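Using this note's numbering, you'd call the opening residue of the sequence shown number 67 and step up by one each time. For glycine and all other residues, C-beta sits at the position ideal for the given N, C-alpha and C. Keep in mind that this is a model prediction, so the values were computed, not measured.
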Amino acid sequence: MPDQAHGSAAERRAEESVSARFTRIMNASTSRWGVLTDPPLVALASGAFLLAFLAALGRDAGPSVARALGALALAPIAVALAVSVALRGARRAVVAWLARQPFPVENLNAVLNGLGEALEVTFAGAVPDAAELNVELDKVHPDAFVTGGVEDARTLDIRIGVVDSKRNPAATNHQRYARVRELVERVLVPLAERYPIQSVRVK
Numbered sequence: 067m068p069d070q071a072h073g074s075a076a077e078r079r080a081e082e083s084v085s086a087r088f089t090r091i092m093n094a095s096t097s098r099w100g101v102l103t104d105p106p107l108v109a110l111a112s113g114a115f116l117l118a119f120l121a122a123l124g125r126d127a128g129p130s131v132a133r134a135l136g137a138l139a140l141a142p143i144a145v146a147l148a149v150s151v152a153l154r155g156a157r158r159a160v161v162a163w164l165a166r167q168p169f170p171v172e173n174l175n176a177v178l179n180g181l182g183e184a185l186e187v188t189f190a191g192a193v194p195d196a197a198e199l200n201v202e203l204d205k206v207h208p209d210a211f212v213t214g215g216v217e218d219a220r221t222l223d224i225r226i227g228v229v230d231s232k233r234n235p236a237a238t239n240h241q242r243y244a245r246v247r248e249l250v251e252r253v254l255v256p257l258a259e260r261y262p263i264q265s266v267r268v269k
């Protein structure tokens, strides 16, 4: 019974910690395939095939070629719609992941919207040595490391280490989300067994 109560409390906490409804960007950030729903990329791909289709009509390339290019012009839109439908359950999966963690992970909305540079980790008591923690963070990615902290406040800041792409921001949105999950699961959850964590917050 206590386990069920704890589970219910964790689920309620997780439900309340993210947006009640996910936008297209938030859904897309949870999947490597989310980039296929990015409007500029869809428009670019569709537009390229549309130009080829119009050129084929102008040169009288034949009905079979024109039909093929016309279908290709519509394909990026169809794929984007299919992926969008497949990702409609993204919020449920995010909430389930948050509820499984032994400590609150706050402000994940920022990551899902393509924001957030660091994780602010607040410990319940003793704070681990930054050099020791950096060894574990390096196993996830060299660009993830402790950037600072305030000992009296029992906090450490950990750089997420994902640089935004100007050409393809949708891809880096997912990379940031995946990196946060990996840092939590591979580093912070095991760390919490020795140094209990009060909360983790994206900042």
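Under the three-state DSSP convention, the category residue i falls into
i, result
"threonine 238", "helix"
"isoleucine 91", "helix"
"threonine 103", "helix"
"valine 131", "helix"
"glutamate 172", "strand"
"alanine 86", "coil"
"leucine 181", "coil"
"arginine 79", "helix"
"lysine 205", "helix"
"proline 142", "helix"
"valine 246", "helix"
"glutamate 259", "coil"
Rounded straight-line distance, which links the Cα of residue j to that of residue i
i, j, result
"arginine 245", "phenylalanine 169", "18 Å"
"threonine 96", "asparagine 179", "10 Å"
"threonine 213", "arginine 247", "19 Å"
"alanine 165", "arginine 154", "19 Å"
"phenylalanine 211", "arginine 225", "5 Å"
"tyrosine 243", "valine 160", "10 Å"
"alanine 71", "proline 106", "Reliability of the predicted coordinates at alanine 71 is poor, the pLDDT of 49 falling under 50, and no value is obtained from them."
"alanine 121", "alanine 109", "18 Å"
"alanine 12", "glutamate 77", "The requested residue 12 is not part of the displayed model; the chain covers only 67 to 269."
"alanine 75", "alanine 176", "23 Å"
Residue i CB to nearest heavy atom of the ligand FAD below 8 Å
i, result
"arginine 78", "Absence of the ligand FAD is noted for the structure shown, with no ligands found whatsoever."
Residues of its chain near residue i, where Cβ-Cβ distance is below 6 Å and the 5 sequence neighbours each way are ignored
i, result
"alanine 190", "Pro262 and Gln264"
"arginine 267", "Glu172, Asn173 and Glu186"
"asparagine 93", "Leu153 and Ala156"
Residues bridged to residue i [DSSP beta-bridge criterion]
i, result
"threonine 188", "Thr221 and Ser265"
"glycine 214", "Asp223"
Spatial neighbours of residue i in its chain, beta-carbon cut-off 7 Å, leaving aside the 5 residues before and after
i, result
"arginine 79", "Pro170"
"valine 206", "Glu248, Leu249, Arg252 and Val253"
"arginine 133", "none"
Spatial neighbours of residue i in its chain, beta-carbon cut-off 8 Å, leaving aside the 5 residues before and after
i, result
"glutamine 241", "Val228"
"glutamate 183", "Arg225, Ile226 and Lys269"
>> Quick check: the segment 251-262 against the segment 179-190, are at least 3 beta-carbon pairs closer than 8 Å?
In response: yes
> Is it true that the segment 132-143 meets the segment 98-118, where meeting means three or more beta-carbon pairs spaced less than 8 Å apart?
Replying inline: yes
> Using 8 Å as the threshold, is the segment 229-239 in touch with the segment 99-114, meaning 3 or more CB pairs across them?
Replying inline: yes
> Any contact of the segment 219-231 with the segment 141-152, i.e. 3+ C-beta pairs under 8 Å?
Replying inline: no
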